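Novice:
Residue numbers (the working numbering), protein chains in the order written: chain R, 76 to 215; chain Y, 818 to 1200.
#1: Should residue 940(Y) be labelled buried (16 or more other beta-carbon atoms within 10 Å of its own) or exposed?
#2: Helix, strand or coil: which one does DSSP assign to residue 1189(Y)?
#3: Looking only at its own chain, which residues have a Cβ that is under 7 Å from the Cβ of residue 1016(Y), when we skip the five neighbours before and after it?
#4: Identify which residue in 999(Y), 1001(Y) and 1022(Y) has its Cα closest to the Cα of residue 1010(Y).
#5: Could you work out which residues of chain Y lie near residue 132(R), taking near to mean beta carbons separated by less than 8 Å?
#6: Under the assumption that residue 832(Y) contacts residue 1047(Y) (Cβ atoms under 8 Å), give the Cβ distance between them as a whole number of angstroms.
#7: Please name the residue, chosen from 958(Y), 850(Y) and 1194(Y), that lies closest to residue 1026(Y) on a Cα-to-Cα basis.
#8: What residue range is occupied by the uninterrupted alpha helix (DSSP H) comprising residue 80(R)?
#9: Counting only the same chain and skipping the five closest in sequence on each side, list residues whose C-beta sits under 6 Å from that of residue 180(R).
#10: Do you know whose CA, among 1104(Y), 1176(Y), 1146(Y) and 1117(Y), lies nearest residue 1134(Y)'s CA?
#11: Since residue 940(Y) meets chain C, which of its residues come closer than 8 Å, beta carbon to beta carbon?
#12: Would you tell me roughly how many angstroms separate the C-alpha atoms of residue 908(Y) and residue 1194(Y), rounded to the nearest one?
#13: Would you say residue 957(Y) lies against chain R (beta-carbon separation less than 8 Å)?
#14: How would you write the range of the beta strand (DSSP E) that residue 892(Y) sits in, first residue to last?
#15: What separation, rounded to the nearest whole angstrom, lies between the Cα atoms of residue 206(R) and residue 128(R)?
#16: Buried or exposed: which applies to residue 82(R), given that a residue is buried once 16 or more other Cβ atoms fall within 10 Å of its Cβ?
#17: Any beta carbon from chain R within less than 8 Å of residue 973(Y)'s own beta carbon?
#18: Between the segment 187-201 of chain R and the segment 885-894 of chain Y, do three or more beta carbon pairs fall short of 8 Å?
#19: I'd like the ranges of any beta strand (DSSP E) spanning at least 3 consecutive residues and lying wholly in the segment 109-192 of chain R.
#20: Using a cut-off of 7 Å between C-beta atoms, extract the partners of residue 935(Y) located in chain R.
#21: Please determine, among 1114(Y), 900(Y), 936(Y) and 1085(Y), the residue with the shortest C-alpha to C-alpha distance to residue 1199(Y).
Right under this line is the structure:
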């Protein structure tokens, strides 16, 4: 990934920043300049909580250039709780029995090979949501 | 607007043409289309191509092909609409003639994919997806289609094996196409056993990487008497777009550009889906055939595989598809495929499809889809 592109995308890659339409309240990821629902240009940056459910998924065995070091890797489409679908790599799914509908959450991870110019591209991935251990009686 | 007819067609064999360049392939198809029409004059050249920059390090393709075919200083440009580039080039030629800017226009779809290894081709194809939000995350084009297929299986309660008839029929039809990449039939058992590329998509769900070129020469209907071939009328030509990012659709399993493109084409040609004698869908993956059949009104939502299982899509069925092999059997040199479809529909309508001939075919439809349903170019041809 080119350095200017990485810089430009940092809000989305690190913080899952998208947009919300002020006219119809539709949320979008990625951010849009024109609302996809009502075509209004009155849109503003908006965030997401990073949780959602798996809409679909697969595993990439033949990676494109730049992804050999992370292959094979899972990818999925995640329905965020705020509405939009996001396409991303999956993390921590080795040995996990994946299923459509499972609850996932965003994490920040390395998303591709190290670049020739030395910088490492980090961005959002989704992993099966962490579940707190059941509380034991008497535990604080 | 003037009525437009196809007066000449030409195609190279689809294959791994190690010894031939992008200009050699395009020039062969153009020369064959001109010879087929028996017309010397050409006023404009539209080169449909998806990724010559990434695959061959070559742009400025309009001029390159014009030179290679001896057509300088003709008007010539490249037309790009991802995997629908070939169809889009045919439409550009059609518009130029319909609008009166030119009388004889050639569209040639060409793609040269085998200069690179698989990772390079995978990256080049991924440029049809969203660079920032799909390809930039290592989500290949196969992966996007695999996620569509898994979701389709989930929503409609079907299994991977249920997609087999689509691939089997494509290979069966390709066996009768001398220009096809795969002329050997396959069985449902071989389909089920084929290696997985991106689960649930297997090798035999997928159209192969290859090289090829196909060309179509169009003219106003009033000029049709100048050709020695049966003129094929372009009854409808449409181009409709949707979001590039698959995730940005309201429902990714409903291909609205494909549906709207077909509806507009039916209206222009004054036909309905029931009047289409055969259909050439963009079967880059079996899931694409299923979604296209449903979007175009040939099958209800979730019922395309049932239609395939009942044999209705085979050559002797009531709605034949992929009659000369489709993208799966003929091969899918991406930017050329849309032009191959038009050449094949014309062969059927002329009655020149040999053993693959659909008897009595009068109306055929071809649809070229770019990205994951993000741009659809639809043509209805008639005799």
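The beta-carbon is built from N, C-alpha and C at its ideal position, and this holds for glycine as well.
Since this is a predicted model, take the numbers as computed values, not measurements.
Specialist: For this structure:
#1: Counting from 1 along the second chain, the entry for residue 940(Y) is found at position 123. Here residue 940(Y) is buried, its C-beta having at least 16 other C-beta atoms within 10 Å.
#2: The residue you call residue 1189(Y) lines up with position 372 of the second chain. Reduced to three states, the DSSP call for residue 1189(Y) is coil.
#3: Counting from one through the second chain, the residue named residue 1016(Y) turns up at place 199. Only 963 meet the Cβ criterion.
#4: The residue you call residue 1010(Y) lines up with position 193 of the second chain. The shortest Cα separation from residue 1010(Y) among 999(Y), 1001(Y) and 1022(Y) belongs to 1022(Y).
#5: Within the first chain, the letter at position 57 stands for residue 132(R). Within chain Y, the residues near residue 132(R) are 964 and 967.
#6: Numbered from its first residue, the second chain carries residue 832(Y) at position 15. Numbered from its first residue, the second chain carries residue 1047(Y) at position 230. Not a contact, Cβ separation roughly 28 Å.
#7: Within the second chain, numbered from 1, the residue matching residue 1026(Y) stands at position 209. That would be 958(Y), whose Cα lies nearest to the Cα of residue 1026(Y).
#8: In the first chain, the residue the question calls residue 80(R) occupies position 5. Where residue 80(R) is concerned, the enclosing alpha helix (DSSP H) stretches over 78-83.
#9: Locating residue 180(R) in the first chain gives position 105, counting from the first residue. For residue 180(R), where only same-chain residues beyond five positions count, the Cβ hits under 6 Å are 125, 126 and 204.
#10: Locating residue 1134(Y) in the second chain gives position 317, where the first residue counts as 1. Taking only the C-alpha atoms, the option nearest residue 1134(Y) is 1176(Y).
#11: The chain labelled as chain C is not found among the protein chains of the depicted structure, namely R and Y.
#12: Taking the second chain and counting its residues from 1, the one referred to as residue 908(Y) is at position 91. Taking the second chain and counting its residues from 1, the one referred to as residue 1194(Y) is at position 377. Rounded to whole angstroms, the gap between the alpha carbons of residue 908(Y) and residue 1194(Y) is 8 Å.
#13: Numbered from 1 along the second chain, position 140 holds the residue referred to as residue 957(Y). Yes, residue 957(Y) lies at the interface with chain R (some Cβ there is under 8 Å from its Cβ).
#14: Numbered from its first residue, the second chain carries residue 892(Y) at position 75. Start and end: 892-896.
#15: One-based indexing of the first chain puts residue 206(R) at position 131. One-based indexing of the first chain puts residue 128(R) at position 53. Take the alpha-carbon of residue 206(R) and the one of residue 128(R): they are about 15 Å apart.
#16: Within the first chain, residue 82(R) is the residue found at index 7, counting from 1. Around the beta-carbon of residue 82(R), fewer than 16 other beta-carbon atoms lie within 10 Å, marking it exposed.
#17: Here residue 973(Y) refers to the residue found at position 156 when the second chain is read from its first residue. No - not a single Cβ of chain R is within 8 Å of the one on residue 973(Y).
#18: Three or more Cβ pairs closer than 8 Å define a contact, and the segment 187-201 of chain R falls short of that threshold against the segment 885-894 of chain Y.
#19: The qualifying runs are 118-121, 126-135, 148-155, 160-164 and 178-185.
#20: On the second chain, position 118 is the one that residue 935(Y) refers to. Simply 137.
#21: Here residue 1199(Y) corresponds to residue number 382 of the second chain, with the count starting at 1. Ranking 1114(Y), 900(Y), 936(Y) and 1085(Y) by Cα distance to residue 1199(Y) puts 1085(Y) first.
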